[in-house]
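What follows is a single structure, written as structure tokens, with notes after it.
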Amino acid sequence: MLRLEKRPSPSRFWLYATPPVAVLLTMVVGGILFATMGKNPFEVIRTIFWDPVFGEFAFYLRGQLLVKAGPLILIAIGLALGFRAGIWNIGAEGQYIMGAIFGASVGLAVFPTESRLIFPVMVVAGAFGGWVWAMIPAILKTRFNTNEILVSLMLVYVAETILAKASTGFLKNPEGMGFPGSRNFSSYPAAANPELIAGSGLHWGGVAALVTGVLAYILLTRHQAGFQIKLAGQAPRAARFHGVSPTRLVVMCMGISGALAGLAGLFEVTGPAGQISIDFNTGYGFTAIIVAFLGRLNPLGIVLAGFLMALTYVGGEMASTNLGLPDAAIQVFQGMLLFFLLAVDVLTNYRFRLAVGAH
Amino acid sequence: MKRRNLLASAAMGLMMATGAFAQGMDHVKACFVYVGPIGDGGWTFQHHQGALAVQEKFGDKVEIQYQESVPEGADAERVLTQMALGGCNIIFTTSFGYMDATNAVAAKFPDVKFEHATGFKRDTPNVSTYNARFYEGRAVEGLIAGRMTKSNKIGYIGSFPIPEVVMGINSYYLAAKKVNPDVQLSVVWAFTWFDPAKEADAAKALIDQGVDVIASHTDSTAVLAEAAKTEGKVIGFGQASDMAEYKPSPRVSSVIDNWGPYYIERVGALLDGTYQQADIWAGIKGGEVLIGEITEAVPPEVKAEAEKLRDDIAAGTVHPFTGPLKKQDGSDWLADGATAPDGDLLGMNFFVEGIVGDIPQ
Amino acid sequence: MDFGGINPIILIATLMASAVPILLAALGETVVERSGVLNLGVEGMMIIGALGGFVVAVATGSPFLGFVGGAVAGAALSLIFALLTQVFLANQVATGLALTLFGLGVSSLGGQGYNGIKPPRTGPLLPDALADLPVVGPILFGHDWVVYFSIAMTAVLWWVLKASRVGLIIRAVGESHEAAHALGYKVNRIRLMCIAFGGAMAGMGGAYVSLARVPQWVDGITNGQGWIALAIVVFASWRPWRVMIGAYLFGGITVLQLNLQAAGSQFPVWLLPTLALLALAGDIILREINGKNYSDLRKVFYFFATVNALQLLYLSWGKWIPMPVDYLSMSPYLITILVLVIMSAGRRGTANGAPASLGQNFHASR
Chain A
14 MLRLEKRPSP SRFWLYATPP VAVLLTMVVG GILFATMGKN PFEVIRTIFW
64 DPVFGEFAFY LRGQLLVKAG PLILIAIGLA LGFRAGIWNI GAEGQYIMGA
114 IFGASVGLAV FPTESRLIFP VMVVAGAFGG WVWAMIPAIL KTRFNTNEIL
164 VSLMLVYVAE TILAKASTGF LKNPEGMGFP GSRNFSSYPA AANPELIAGS
214 GLHWGGVAAL VTGVLAYILL TRHQAGFQIK LAGQAPRAAR FHGVSPTRLV
264 VMCMGISGAL AGLAGLFEVT GPAGQISIDF NTGYGFTAII VAFLGRLNPL
314 GIVLAGFLMA LTYVGGEMAS TNLGLPDAAI QVFQGMLLFF LLAVDVLTNY
364 RFRLAVGAH
Chain F
-12 MKRRNLLASA AMGLMMATGA FAQGMDHVKA CFVYVGPIGD GGWTFQHHQG
38 ALAVQEKFGD KVEIQYQESV PEGADAERVL TQMALGGCNI IFTTSFGYMD
88 ATNAVAAKFP DVKFEHATGF KRDTPNVSTY NARFYEGRAV EGLIAGRMTK
138 SNKIGYIGSF PIPEVVMGIN SYYLAAKKVN PDVQLSVVWA FTWFDPAKEA
188 DAAKALIDQG VDVIASHTDS TAVLAEAAKT EGKVIGFGQA SDMAEYKPSP
238 RVSSVIDNWG PYYIERVGAL LDGTYQQADI WAGIKGGEVL IGEITEAVPP
288 EVKAEAEKLR DDIAAGTVHP FTGPLKKQDG SDWLADGATA PDGDLLGMNF
338 FVEGIVGDIP Q
Chain X
934 MDFGGINPII LIATLMASAV PILLAALGET VVERSGVLNL GVEGMMIIGA
984 LGGFVVAVAT GSPFLGFVGG AVAGAALSLI FALLTQVFLA NQVATGLALT
1034 LFGLGVSSLG GQGYNGIKPP RTGPLLPDAL ADLPVVGPIL FGHDWVVYFS
1084 IAMTAVLWWV LKASRVGLII RAVGESHEAA HALGYKVNRI RLMCIAFGGA
1134 MAGMGGAYVS LARVPQWVDG ITNGQGWIAL AIVVFASWRP WRVMIGAYLF
1184 GGITVLQLNL QAAGSQFPVW LLPTLALLAL AGDIILREIN GKNYSDLRKV
1234 FYFFATVNAL QLLYLSWGKW IPMPVDYLSM SPYLITILVL VIMSAGRRGT
1284 ANGAPASLGQ NFHASR
């Protein structure tokens, strides 16, 4: 009979070995799934994991990995700070939308003025929009002890309605023949967020994501605030004795995660998405929660997890288009990958022991 | 390698559109980008039926590829680029929100044909647009509604306040009012394309208000299912697909999105070398809008009247928007005998006179 | 009896049915969370239940068996979550979200071929004669059996959690798994059973969508109701009767806003400043009762707020405008937040009722 036994300290070997093991297990089980659907499992697996990075069109798709991973990483890092402190911001999707709307409004308000200042101001406005939307649950929590999970989640739906209103109303493109959607930023250079190096997929959002990853790492390992965050999550009572103000912590963590989600929205709307539209948001805010935990709430881990998620999206699309797999099969495959990653993680902190004669 | 160079040079703007659409092809790879899952039973399902029709018509000469549930924006651009790189000859992008992505990618791949549904932008010669005059079908529905209602209250469930939807509401109301001057229209905005439970609630709300004929511009069958619970007191229409499972009542007729003929025509033109850039807005006449069978729940004379309207619209002798017409605020829109220009319809953001309530702005 | 063109009796009857999926799923999740487990995969379990219920009902022709099938399907999916979190000690938040992704995918794959089929009808439980009684008829007697089941489950779970031994054990495990373990309870086994129960309830809720609310299978049919259910559990401070209130409140406002649109109701603009004045007055009265002081800043604020509100009231007096539809469609979410704020403001400083071990995994070291 097997039983779990806690390791005295986390295994460094398994810390790095679990992700590849999980990916391998997913390939095996996923391969069986694809085989039962009448597809060549090796071909599918290769299309998902190999082709986007090394295949025929990798020159294009590698950049797309960055496009897809950027917002996930940016949002997930902000969320991870809060999660570490035990503050549950589930509504990053709403903050992402509001960041995009705030930033885009600023840019469209001054259309067609050309000035180098416009884009930086929009960036600030985007971060501000996400911050404001996150401050609602934060203040309700600190003032009235209202649960932030519920408030932040409900505000996602409110933000979606505001988004619909924006794209059919106050941000509608006046030259769009009455169709919903704002002007496209790609035709407004002063406010656009184009690729910095052609074909690389790198835009300011990707830069921000990578920089934020490093900054968050420094914050958590070197800075007093990082210590407070960790302490508040692990031992709330001890944190209070150390003079950590719960109110300040909530406002700070919600504020940072909201602002980062808002930034992600702003970079997305001015860059890859190009415009405000009814269906502008595509669930980055929710997927980022998974990314945060896959990265073990560690900024560097999150960067890697973000790229892994992006790979399954981009590779999954390829498999779906080229091999005729239903989109749902890719979803199932992604779910399995997450399950394995989460399950195998147990080996980092625990080991299996044969309990002889224990029954 | 070759395609790689192509993308790179196109991105630098060195590659000019060749415009050479002339020669035919032996084999066409036709690709489709869908906004929802095929299993949505409505919009995407119907586009996929069109794709299957192409496959059936041309057999080995055509290879079909498609991608479901592609979000509008950055993801659409990537999927389109992948398809173009992967050797698709013609790509159908089946949602309005793909407009900018379609044109952006088309500029980079001058040899690939792009067909964008319901949009108006054709920045490069290899982009065509196509749409269907669903409002023609709405007029037929409106006539049936005006004749069939006993409470003189008819309903319409709108998705978002956009011209496409507003156009349908106006057409439905005008046709109903023409045959029944006492008719009143209630509009409910669901603010979603697809949310079965909410659509059912919206239908229930209309029914509770005494509405007995409901048309909808949301994608699921929930509205008909809700009407079915009244056991014949309330009727409705199939939307996007025929929704034949609710025959003979509550589904008394339907407006079917029928993309097959257009897709076959375009892929066929590519095969035989007659392909040209186009801006198609066909309706009942072109076969893109089908009026589903009018069931026996409708009296024969009403059925005949509705079929006549359908045929007259197809023949071009009747236009659903014919003056004199006023806008809701009382200002003049169309003079006596004038018909609405397409530009007015495509950008329609007002209700016609007689409809109560505001379009949310 | 009509208010603004809306019949409150029909409205209540409608909301009772439309709240069932959220109510069932939220009740199940309440038990799960009371045992200290946070399963964010409600949406996934609901949609699997919606498909499972639909398939079984179509195959057997029995809606009742359909609901059983939905419950079984939901429970089966939840066992993946149980395995991962209780055996492999995986993070609950991430696992729950992955479960939603997985459930949506599996349902979409499994649902191919079930489009455009009508399931057997789930009709009213009681004879029509009862349902036709004035006032009480539609509200009390006009429903299908699942509506009564959902209310009964609320009562049963309230009793179980409050007064029964099983409930005591569940709560003990949720408050302090260490202590419960020390007392000899198998923490992970108890949690596993709670998770499966939660899955079954979510599955039934999903089946209600595909068999009664919409009667149809389409991809993504539950469309986010699982998320609302999660929010309602928090709203209810993990108590069954409040779950019911929350589900009815949310469902009620959703139905009400659609009815207001359908009725073409007008919105009284003057109501807004009136409400603001009432809120100000209420605040002052509460302060007087509690004998609290007024800071200078507060006095200035009261003064300007009152002047502004009076001015607005004067300007808008008697004015009605068409319903602002877009704001109406936000209202279910906003009002839920508002009610929660009012409820939690009264209990400032105290814990909001969350089980102490919520979201933490347990591993018995010996």
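Residue numbers (this note's numbering), protein chains in the order written: chain A, 14 to 372; chain F, -12 to 348; chain X, 934 to 1299.
A virtual CB, placed ideally from N, CA and C, is assigned to each residue, including glycine.
Just so it is clear, the structure is predicted and the values come from calculations on it, not from any experiment.
Give the residues of chain F in contact with residue i, contact being defined as C-beta atoms less than 7 Å apart.
i, result
"Val1188(X)", "Asp188 and Ala192"
"Val1069(X)", "Result: empty, since nearest Cβ-Cβ is about 18 Å, beyond 7 Å."
What's the call for residue i, buried or exposed, on a 16-neighbour Cβ count within 10 Å?
i, result
"His103(F)", "buried"
"Phe1295(X)", "buried"
"Val343(F)", "exposed"
"His14(F)", "exposed"
"Ile1154(X)", "buried"
"Gly303(F)", "exposed"
"Trp101(A)", "buried"
"Asp169(F)", "exposed"
"Gln358(F)", "Coverage of chain F is limited to positions -12 through 348, which leaves residue 358(F) absent and any answer about it impossible."
"Ile149(F)", "buried"
"Pro1148(X)", "buried"
"Met190(A)", "exposed"
"Asn1024(X)", "buried"
Run through DSSP, which three-state label would residue i get?
i, result
"Tyr122(F)", "helix"
"Thr159(A)", "coil"
"Pro1255(X)", "strand"
"Phe107(F)", "coil"
"Phe183(A)", "coil"
"Trp1174(X)", "helix"
"Lys95(F)", "helix"
"Gly133(F)", "helix"
"Tyr170(A)", "helix"
"Phe8(F)", "Confidence is the limiting factor: at Phe8(F) the pLDDT is only 45, short of 50, which leaves the residue's position unreliable, though a coordinate-based value still follows. Looking at Phe8(F) - three-state DSSP - the assignment turns out to be coil, as it is neither helix nor strand."
At a CB-CB cut-off below 9 Å, which residues of chain X make contact with residue i?
i, result
"Glu232(F)", "Gly1049, Ile1050, Lys1051 and Gln1149"
"Asp244(F)", "Here the premise fails: no neighbours, minimum Cβ distance about 15 Å."
Closer than 8 Å by beta-carbon distance: list the chain F residues that pair up with residue i, in chain order.
i, result
"Asn197(A)", "Asp87"
"Ile291(A)", "Gly84 and Phe147"
Name, please, each residue of chain A whose Cβ falls closer than 8 Å to the Cβ of residue i.
i, result
"Val66(F)", "Glu330 and Thr334"
"Gln36(F)", "What Gln36(F) touches in chain A: nothing, since even the nearest Cβ is about 16 Å away."
"Ile149(F)", "Thr181, Gly191, Phe192 and Pro193"
"His1296(X)", "Leu17, Lys19 and Tyr363"
"Asn336(F)", "Gly191"
Starting from the beta carbon of residue i, find every residue of chain A whose beta carbon is closer than 7 Å, and list them in chain order.
i, result
"Phe45(F)", "By Cβ distance, chain A contributes nothing, its closest Cβ being about 17 Å from Phe45(F), past 7 Å."
"Phe1021(X)", "Ala356 and Val359"
I want to verify the contact list: residues of chain F whose CB lies under 9 Å from the CB of residue i, in sequence order.
i, result
"Leu911(X)", "The requested residue 911(X) does not occur in the structure, where chain X is confined to residues 934 to 1299."
Determine which residues of the segment 158 to 182 of chain F have a Cβ less than 9 Å from any Cβ of chain X, and write them out in chain order. Gln171, Ser173, Val174, Val175, Trp176, Ala177, Phe178, Thr179, Phe181 and Asp182
Taking any Cβ of chain F, which residues in the segment 66 to 95 of chain A have a Cβ under 7 Å from it, in chain order? Phe70, Phe72, Tyr73, Gln77 and Val80
What residues from the segment 260 to 289 of chain A come within 9 Å of chain F, judged by C-beta to C-beta, listed N to C? Glu281, Val282, Gly284, Pro285, Ala286, Gly287 and Gln288
Residues in the segment 965 to 985 of chain X with C-beta within 7 Å of chain A's C-beta atoms, listed in sequence order? none
Taking any Cβ of chain X, which residues in the segment 338 to 355 of chain A have a Cβ under 9 Å from it, in chain order? Pro339, Asp340, Ala341, Ala342, Ile343, Gln344, Val345, Phe346, Gln347, Gly348, Met349, Leu350, Leu351, Phe352, Leu354 and Leu355
Chain-ordered residues of the segment 131 to 162 of chain A with a beta carbon less than 7 Å from chain X: Leu153, Phe157, Asn158, Thr159, Asn160 and Ile162
Short-range partners of chain F found in the segment 173 to 186 of chain A, where Cβ spacing is below 7 Å: Thr174, Ala177, Thr181 and Gly182
So if I threshold CB-CB distances at 9 Å, which residues from the segment 1260 to 1274 of chain X count as touching chain A? Tyr1260, Ser1262, Met1263, Pro1265, Tyr1266, Leu1267, Thr1269, Ile1270, Leu1273 and Val1274
Could you give the uninterrupted runs of the alpha helix (DSSP H) lying entirely in the segment 979 to 1066 of chain X, keeping only those of 4 residues or more? 996 to 1015, 1025 to 1043 and 1061 to 1064
Every unbroken beta strand (DSSP E) within the segment 135 to 163 of chain F, with a cutoff of 3 residues, ordered by chain: 140 to 145
According to a CB-to-CB cut-off of less than 9 Å, which residues of the segment 49 to 60 of chain F neighbour chain A? Ile51, Gln52, Tyr53, Gln54, Glu55, Ser56, Val57, Pro58, Glu59 and Gly60
In chain order, what residues of the segment 337 to 348 of chain F put their CB closer than 8 Å to some CB of chain X? Val343, Gly344, Asp345 and Pro347
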